[in-house]
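Here is the structure we will look at, set down as structure tokens.
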Ligand SMILES: [Zn+2]
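In my numbering, the protein residues as written are 57 to 572.
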């Protein structure tokens, strides 16, 4: 090891920053930014006298080079490099150096910041601090998504990072249905995971653990502290970082044999087909209906299978859309529900962490069954679990003859709710006088906070799917929620199940309060 400049390298001796800087000189560049991390004399209340660094050099160099390449691509910078020390360092020594040459200062600063943040986070390097009182300790272990994390644990007395074992699939290969042949199938398979959140985390964990050869990760969000109760793969210290990159680092730490491809963007009509094209199977782990319907339509256009999961409070559902014309799609089941509002997302509705954990785990299981060719979740069925009562249901999902999405190249995404679904009344008394039976689709908490001002049935969204058969087709139901959004989607759903006289109160209860 020496300080010759690669994109990312280690040095076991002091860094010559002037020489490093000269190697990044580029006359086309107007900006140069450098960062130096120094050994300081204290950490978390301990007085530090010196440090030692150890690294899995080969792995670390690969990951470091990947980070520098990502920075160059992301910020369009000309040249960048990072050198990290290993071995023994004294106070004031430079532990890590980053340099970036770019056309302008802004790119240089931002790429420099990106590189040091990612290196701190992703590159497997251990730091041992020596304290004034003679003690020493390995630190920063829990923040690194590092291979071997479990082996070296967080003990404060070990001397050497252990050698990393190879991934071992023996426990799943022992299954007759897997065996060497199945393992080879998994290694040759590729899966695109849309969403690296509550569903995506267990999905990625199990697919990476199983040795699925290539995983694409689509997520445009950054981690927030409120995500962590259900996205327990991440760390509090990760907040503010892009989830797709965090998830990819975790996958690599769990199983370096898995290739990851990250897409830090939101899936939209402009990129969806291109993104799904390179994969065998797509898993919808998104929390919004516009993404789900977009993926549904892409599945029908391209024949790419998409396995959907949705969670609402304590319940959720799974559906496989195979993309073939004879099988049911999401729009066969939810013909007009193109808008969000049919169910809330976690931010609006609230959720206990294990609920998406259960459904993400089921999704991972179904994906492995699909890839291994095992009998799995059939198309034309929907699996619904209520985790309060622990009851499961398999419902038939019928291929609807008039489903807009099964047409050739029509743009089903533009479908919207027909006006006739909604109706306006000045008061609920007027609606009852016109022959309607009121159904309150709000949840219990909302209903308690603001009771309905007229007699009504209570059928919250979470119960709608399963309770529909108890409603009577000839009764004129008027569905009511706070704003008219959920009730509109609910009326849609009930109509698709044969309750053609269902309508939704336009504007909901809020509309009744507002002056006309
Ligand atoms: Zn359909």
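Note that the Cβ used here is the ideal one computed from N, Cα and C, for glycine as well. Remember, it's a predicted structure, so these values are computed and weren't measured experimentally.
- Regarding residue 435 and ligand 1, is the C-beta to nearest heavy atom distance less than 8 Å? Position 379 of the chain shown holds residue 435. Every heavy atom of ligand 1 is 8 Å or more from the Cβ of residue 435, so no.
- Contact test: residue 582 Cβ vs ligand 1 heavy atom, cutoff 8 Å: The displayed coordinates of the chain run from 57 to 572. Any statement about residue 582 would go beyond what the structure contains.
- Message: Please classify residue 299 as buried or exposed, where buried requires at least 16 other C-beta atoms within 10 Å of its C-beta.
- Response: Position 243 of the chain shown holds residue 299. Buried, by the Cβ-count rule.
- Could you give the uninterrupted runs of the alpha helix (DSSP H) lying entirely in the segment 246 to 330, keeping only those of 4 residues or more? Within the segment 246 to 330, the complete alpha helix (DSSP H) segments of 4 residues or longer fall at 256 to 266, 299 to 310, listed in chain order.
- Item | Spatial distance of residue 434 from residue 251 (CA atoms) | Indexing the chain shown from 1 puts residue 434 at position 378. Indexing the chain shown from 1 puts residue 251 at position 195. The alpha-carbon separation between residue 434 and residue 251 amounts to approximately 23 Å.
- Message: Relative to the C-alpha of residue 408, which candidate in 285, 296, 294 has its C-alpha closest?
- Response: As a working mapping, residue 408 is identified with position 352 in the chain shown. Comparing Cα positions, the closest option is 285.
- Message: Can you determine whether any heavy atom of ligand 1 sits closer than 8 Å to the C-beta of residue 456, and answer yes or no?
- Response: As a first step, residue 456 must be located in the chain shown, where it is residue number 400. Yes, the Cβ of residue 456 comes within 8 Å of a heavy atom of ligand 1.
- Query: Smallest Cα separation from residue 179: which of 447, 132, 121?
  - Reply: Locating residue 179 in the chain shown gives position 123, counting from the first residue. The shortest C-alpha separation from residue 179 is found at 121.
- Query: Apart from the five residues on each side of it in sequence, which residues of its chain come closer than 8 Å, Cβ to Cβ, to residue 383?
  - Reply: Within the chain shown, residue 383 is the residue found at index 327, counting from 1. By the criterion of a C-beta distance shorter than 8 Å, residue 383 is surrounded in its chain by 377, 435, 436, 455, once the five residues flanking it on both sides are discounted.
- Message: Distance check for residue 157 and residue 88, CA to CA, integer angstroms please.
- Response: Position 32 of the chain shown, counted from the start, is the residue given in the question as residue 88. Position 101 of the chain shown, counted from the start, is the residue given in the question as residue 157. Rounded to whole angstroms, residue 88 to residue 157 spans 5 Å at the Cα level.
- Query: What do you get for residue 249, buried or exposed, if any count of 16 or more other CB atoms within 10 angstroms of its CB means buried?
  - Reply: Taking the chain shown and counting its residues from 1, the one referred to as residue 249 is at position 193. With 16 or more other Cβ atoms from the protein chains shown falling within 10 Å of its own Cβ, residue 249 counts as buried.
- Message: Taking its Cβ as the centre, do 16 or more other Cβ atoms sit within 10 Å of residue 490, making it buried, or is it exposed?
- Response: Your numbering for residue 490 matches position 434 in the chain shown. Residue 490 is exposed by the Cβ-count criterion.
- Query: In three-state DSSP terms, what is residue 117?
  - Reply: Locating residue 117 in the chain shown gives position 61, counting from the first residue. For residue 117, the three-state secondary structure derived from DSSP is helix.
- Message: Less than 9 Å between the C-beta atoms of residue 536 and residue 512, yes or no?
- Response: Your numbering for residue 536 matches position 480 in the chain shown. Your numbering for residue 512 matches position 456 in the chain shown. Taking 9 Å as the Cβ cut-off, residue 536 and residue 512 qualify as a contacting pair.
- Measure from the alpha carbon of residue 70 to the alpha carbon of each residue in 161, 313, 151, 364, then state which is nearest. Taking the first residue of the chain shown as 1, we reach residue 70 at position 14. In this structure, 151 is the residue among 161, 313, 151, 364 with its C-alpha nearest to the C-alpha of residue 70.
- Does at least one heavy atom of ligand 1 sit under 8 Å from the Cβ of residue 285? In the chain shown, counting from the first residue as 1, residue 285 sits at position 229. No heavy atom of ligand 1 is found nearer than 8 Å to the CB of residue 285.
- Considering only the beta carbon of each residue, do residue 351 and residue 323 sit closer than 9 Å? Translated into positions along the chain shown, residue 351 becomes position 295. Translated into positions along the chain shown, residue 323 becomes position 267. Cβ distance < 9 Å, so residue 351 and residue 323 count as in contact.
- residue 439 and residue 450 closer than 9 Å at C-beta: Along the chain shown, read from residue 1 onward, the residue named residue 439 stands at position 383. Along the chain shown, read from residue 1 onward, the residue named residue 450 stands at position 394. Against a cut-off of 9 Å, the Cβ pair of residue 450 and residue 439 comes out as a contact.
- Considering only C-alpha positions, which residue in the set 260, 267, 314 is nearest to residue 289? Working through the chain shown from its first residue, we reach residue 289 at position 233. Selected option, being the one with the closest Cα: 260.
- Between the Cα of residue 362 and the Cα atoms of 369, 371, 342, which residue gives the shortest distance? Walking along the chain shown from the start, residue 362 turns up at place 306. Restricting attention to 369, 371, 342, the CA atom closest to the CA of residue 362 is found in 342.
- Determine, using beta carbons only, whether residue 331 and residue 274 come nearer to each other than 9 Å. Locating residue 331 in the chain shown gives position 275, counting from the first residue. Locating residue 274 in the chain shown gives position 218, counting from the first residue. Contact check for residue 331 against residue 274 passes: the beta carbons are separated by less than 9 Å.
- Message: For residue 9 and residue 373, I'd like the C-alpha separation in whole angstroms.
- Response: The structure shown does not extend to residue 9, since the chain is modelled only from 57 through 572, so no value can be given for it.
- Item | Local conformation of residue 506 per DSSP, three classes | For the purposes of this step, residue 506 is taken as residue 450 along the chain shown, with counting starting at 1. Coil at residue 506, not helix or strand.
- Task: Just jot down, in chain order, the residues whose CB lies closer than 5 Å to any heavy atom of ligand 1.
- Result: Taking every residue with its beta carbon within less than 5 Å of a heavy atom belonging to ligand 1 gives, in chain order, 385, 387, 388, 459, 461, 462.
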